[in-house]
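Under numbering that gives the first Met the number 0, think of the first position of the sequence shown as 0, with each following residue one higher. Even glycine gets a Cβ: it sits at the ideal position worked out from N, Cα and C. Treat the numbers as computed from the prediction; the structure is a model and nothing was measured. Worksheet: one structure, shown below.
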Amino acid sequence: MQDSGDARLIAYGKLIEALPGLLDAEGRAALCDWLSERQVMHDGQEDPGAVIVEGLETELAIAQVFRELSERLGCRQL
């Protein structure tokens, strides 16, 4: 039997798959804009070499998930 964490991930995946058909063009564009703003972690640093990445693994992973969601929703096609 799957635990509730697995069920939650499956439900989220099904929701993401259904969103393009559930949203009108304006709603989809708004969602894509929201995702676009979160695909790159903004750290306030101008020099990428000056940023300490240690401890930021979770934030970087979240940004990657937003990029993947954007791709699954076809945001680049808008």
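- The Cβ atoms of residue 34 and residue 68 sit closer than 7 Å to each other.
- Residue 5 sits in a helix when the DSSP states are folded into three classes.
- Under the 10 Å beta carbon count, residue 27 is surrounded by 16 or more other beta carbons and is classified as buried.
- DSSP places residue 31 in the uninterrupted alpha helix (DSSP H) bounded by 24–36.
- Around the beta carbon of residue 72, a 10 Å sphere encloses 16 or more other beta carbons of the protein chains shown; the residue is thus reported as buried.
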